[in-house]
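Colleague:
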């Protein structure tokens with residue numbers, strides 16, 4: 008949840024994540040079964056971006072430090 012929310016905040020986008028942690032295996036089974044119409048849909052969790060000035064400030068600081076570090080090695 009924490010990572011999903013922070014991604015939304017940094018990218019200013021909404022995100023939908025399956026509530027089931029085995030969604031990848033379930034998705035593969037769905038495809039292998041030929042995408043049956045009676046397949047039960049998973050519950051989803053929605054994340055919406057929030058104004059997180061502290062996160063944006065820390066990200067900008069990290070980005071600036073990365074640019075300095077990369078300029079020293081290249």
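In my numbering, the protein residues as written are 8 to 81. For every residue, glycine included, the Cβ atom is placed at its ideal position computed from N, Cα and C. Note that the structure is predicted; figures quoted are calculated from it, not measured.
#1: On a CA-only basis, which of 9, 10 and 16 is nearest residue 55? Give me that one, please.
#2: Which value, in whole angstroms, describes the spacing of the CA atoms of residue 45 and residue 24?
#3: Out of curiosity, what's the CA-to-CA distance linking residue 35 and residue 50?
#4: Measure the beta-carbon distance from residue 85 to residue 53 and round it to whole angstroms, keeping in mind my assumption that it falls under 8 Å.
#5: What are the boundary residues of the beta strand (DSSP E) that includes residue 23?
Modeller: On the basis of the supplied data:
#1: 16
#2: Computed Cα separation, rounded: 21 Å.
#3: 17 Å
#4: Shown here, the chain extends from 8 to 81; a query on residue 85 therefore has no answer.
#5: 22 to 25
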